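Input: a single structure, listed below in structure tokens.
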């Protein structure tokens, strides 16, 4: 493994498989009575969240604690890290704690990458701007892998705010790397320029997006308090882009429905589907902890993994 | 005081001079330019690139050996930001002028986005008087178009003109209100100051930080569409046509802007334009390749190769009149933030000439004479300055270039306080080796005297 | 037990072939059967990735000789090693422990193939602490190659050899490697990271 996990862009298909293989083992730790192993005892992991995020941070925290690592939490709203502090000062302040790993979420793309250049600690990107959220894509792929034995050749649809979703960004990279055919769909005001250059198909409407797909991934939609919102209202979004019960008949019988959470019930997905038999949303959450444990182990585990991997 | 520059290739497009010869300066004026040798007795001999000459400061007879070098009128940069008054931590008038002289420039136009903005006679006088005391280069001042550069009401243009401004601009910001810009053009024409437009539709660029394209999608950064510039360039050209007042478009960066300006010029509209060295040499890929280095963050943003090709074509066919650096220093503290929080801006005075000589002349078939024109008569004529020429009796502002001098751009060694330079570490062939302002040597071999 | 000095061996050496291997296991089994009392609730737990196969064989043999049912389990100590910082994970595929029964009150025979520094056993003991409270743990080793770094000794031992740290001792089992063998190499082979 490299020093950092900054994005799926830096991972080879082999490395992705390696992380998921290890995640299968770490998942079983979470299923025991005593959900803890001493492997990372004495290591310090800093969670540096410039953007509020309860579930991702909690997921990382649980992963850290199950490996017996020490967790230190910084959130900007708690004003322990001042906004506008230079990268170098932030890095120096953090380095003073001698952390082994820093998990960062930031509202601007590239921040983890700049920090990784100047710090010895391993940096894990927990979401940077509209760019990447690599552990999300990994846990999504793990969830798919559990249900579908062969990844290559699968057809996956991603529906929603493709332009500003780092979940979409990482998933598109991850899935296309692993030989999956990806189709995206959303209001055109939410598709980036040059979307096809990402190596994806673009469906003109929801029905065409989901027909014949093995996986349908919904992205979270937020109402935009903006001078020029990209869609009129959540109601209209749901009407034309939300996955509703009436769409079930277009889905393959073994199709799985995914969502990174938190769900906006009744906007991007109807509650009955979110709670229904096709949904694997709760598995995603469990896999999140497992994948994050695997990532921490691989980043902190010395170089022997390379000697084995030939 | 006599100074002769001997044996260099003298290129002055404004005087139709391009031959090997000698140039004589007496006190602060050009005395003679000739193919025949000019000799002065008891002169201290100076060879750029050679051994440092002793006691140049005291000498009143100097002979510069310019064999193999190019002798041109002093270069003019009509777009720089010196942060004084207000942000002296980022740059002062003094450090800015030093950077200019070190970079081979003898005149600069300083933009008014200081703190407070240069929107009054007193601020204009402060800036001009300070510059005059330092004296390294000629500093021309631009005043603001609107009070406080807020776009609401006209600044004291008449009073500032009396104090000596040669142009007005709200650069850094665009005058978004069409009628406001129209009034500015009309009023400015009464005072003979050139209106310089930072053409950017803020309702299109919004919170963007880089060019909208595949790279911005890939990098996940909020984008600025090219049309944010094009739309406003068209508006500004139209207003110039409506009022029949000349307008100068700052830092043109898109292919479409070049096309609009070309058509406007053909139609006889009085529009001029400038382009920066970074827009001529870097694309949006630089943001990716540098791993989100904020030294690539600039407004207008770095665009695509298609835009670069169109800008060069614009230089070749005269659509673009001048190259200007838009030298924009910022403190390291300010720049060392995430890509959204960091301010826009790149320094340019001390990298412009090597970048242009190496990447445009040596590599891109922009003739040297044309490059010189874009740094001399081009900008001089935009502002209506009596500059950029080597005519007998003109003020002796001279730039001596060595098209073969190898340099490596090292921001740590800049005279400017700004280190925000995307050309850091670039090895380039071509550099200014001597800057003469008002007949005095200000810079020799990259060092200020 | 006599310790065989193998420190001069400079080439690959078969310490025990299939027949000798069977003999070692038979001896161990006999000793274990003799030691166990009627009250003992016996369990055999082997340390992956070969000790678990030996544990299965000993358990089957035990059941055969005594007619008593015993629990069998496998322990994966990858997450419990104390040298994680320097060495990391020994294999990317961790098969994880499989102990489907409670260890509380049991007489556990902890079965391992090669005893070396003792760190594997230390990790196993920590692991047991998480799983429950045994009545007692007896350590069963096929081979002891010396060079201990911790105060840990086997209760039941097949073979004792003296080795150098540069040498590499490993065991192959039919269930995994196609044959039963104990091998000595002059140096650690490049491929594979099988723990001691």
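Residue numbers (the numbering used here), protein chains in the order written: chain L, 19 to 328; chain R, 1019 to 1467; chain Y, 4 to 199.
We treat Cβ as the ideally placed atom computed from N, Cα and C, and that holds for glycine.
Just so we're clear, the structure is a prediction, and the values are computed from it rather than from any experiment.
Chain R contact for residue i (CB, 7 Å cutoff)
i: residue 210(L); result: yes
i: residue 214(L); result: no
i: residue 403(L); result: Nothing about residue 403(L) can be reported from this structure: the residues present for chain L run from 19 to 328 only.
i: residue 104(L); result: yes
i: residue 127(L); result: yes
i: residue 149(L); result: yes
i: residue 97(L); result: Here residue 97(L) scores only 45 on pLDDT, less than 50, and its place in the model should not be relied on; the value that follows carries that caveat. No, residue 97(L) does not count as interfacial toward chain R.
i: residue 123(L); result: no
i: residue 132(L); result: yes
i: residue 178(L); result: no
Cβ of residue i within 7 Å of any chain L Cβ
i: residue 182(Y); result: no
i: residue 50(Y); result: no
i: residue 1443(R); result: no
i: residue 1238(R); result: yes
i: residue 1358(R); result: yes
i: residue 1232(R); result: yes
i: residue 97(Y); result: yes
i: residue 87(Y); result: yes
i: residue 1354(R); result: yes
i: residue 1306(R); result: no
i: residue 82(Y); result: yes
i: residue 1302(R); result: no
i: residue 1235(R); result: yes
i: residue 1351(R); result: yes
i: residue 1335(R); result: no
i: residue 1252(R); result: no
Contact with chain Y by residue i, beta-carbon distance below 7 Å
i: residue 57(L); result: yes
i: residue 140(L); result: no
i: residue 329(L); result: No statement about residue 329(L) is possible, as the shown extent of chain L runs from 19 to 328 and does not include it.
i: residue 46(L); result: yes
i: residue 183(L); result: no
i: residue 43(L); result: yes
beta-carbon residue i near the ligand FAD non-hydrogen atom, thresh 6 Å
i: residue 1417(R); result: This structure lacks the ligand FAD, and indeed carries no ligand of any kind.
Residue i, buried or exposed, once every other Cβ within 10 Å from all chains shown has been counted against 16
i: residue 1357(R); result: buried
i: residue 1240(R); result: buried
i: residue 130(Y); result: buried
i: residue 21(L); result: exposed
i: residue 17(Y); result: exposed
i: residue 273(L); result: buried
i: residue 1325(R); result: buried
i: residue 1225(R); result: exposed
i: residue 210(L); result: buried
i: residue 127(L); result: buried
i: residue 96(L); result: Residue placement at residue 96(L) cannot be trusted, given a pLDDT of 49 that sits under 50; the coordinates are not used to answer.
i: residue 1063(R); result: exposed
i: residue 1365(R); result: buried
Neighbourhood of residue i by C-beta distance below 6 Å, restricted to the same chain and skipping five residues each side
i: residue 24(Y); result: 183
i: residue 98(L); result: Low per-residue confidence applies at residue 98(L): pLDDT is 46, beneath 50, and the placement is therefore not dependable, though the value from the model is reported in the following sentence. Same-chain partners within the cutoff: 92.
Residues near residue i in its chain [Cβ-Cβ closer than 8 Å; skip 5 each side]
i: residue 1402(R); result: 1184, 1210 and 1212
i: residue 1146(R); result: 1157, 1159, 1181 and 1182
i: residue 165(Y); result: 6, 7, 8, 9, 10, 148 and 149
i: residue 1422(R); result: 1086, 1447 and 1448
Beta-carbon proximity list for residue i, same chain, < 7 Å, skipping 5 on both sides
i: residue 1348(R); result: 1108, 1361, 1363, 1436 and 1438
i: residue 1350(R); result: 1437
i: residue 1245(R); result: 1222
i: residue 1328(R); result: 1273 and 1276
i: residue 78(L); result: 65, 121, 144 and 310
### Residues from the region 223-254 of chain L in contact with chain Y, defined by Cβ distance under 7 Å
For the region 223-254 of chain L, which is checked against every Cβ of chain Y, not one residue is closer than 7 Å.
### Ranges of the beta strand (DSSP E) found wholly within the region 66-149 of chain Y, counting only runs of at least 3
The region 66-149 of chain Y contains these whole beta strand (DSSP E) runs: 74-78, 110-118 and 139-147.
#### Entry: Segments assigned beta strand (DSSP E), at least 3 residues, entirely inside the region 204-250 of chain L
Counting only unbroken stretches of 3 or more residues, the beta strand (DSSP E) elements lying wholly within the region 204-250 of chain L are 233-236, in sequence order.
### Continuous alpha helix (DSSP H) assignments of at least 4 residues falling wholly in the region 1352-1436 of chain R
1370-1374, 1386-1393 and 1395-1401, all fully within the region 1352-1436 of chain R.
### Task
Please name the residues in the region 129-143 of chain Y whose beta-carbon is closer than 8 Å to at least one beta-carbon of chain L, in chain order.
Within the region 129-143 of chain Y, the residues whose Cβ lies closer than 8 Å to some Cβ of chain L are 129, 133 and 134, listed in chain order.
### Message
Against chain R, which members of the region 155-176 of chain L pass a CB distance test of less than 8 Å?
### Response
Answer set for the region 155-176 of chain L: empty.
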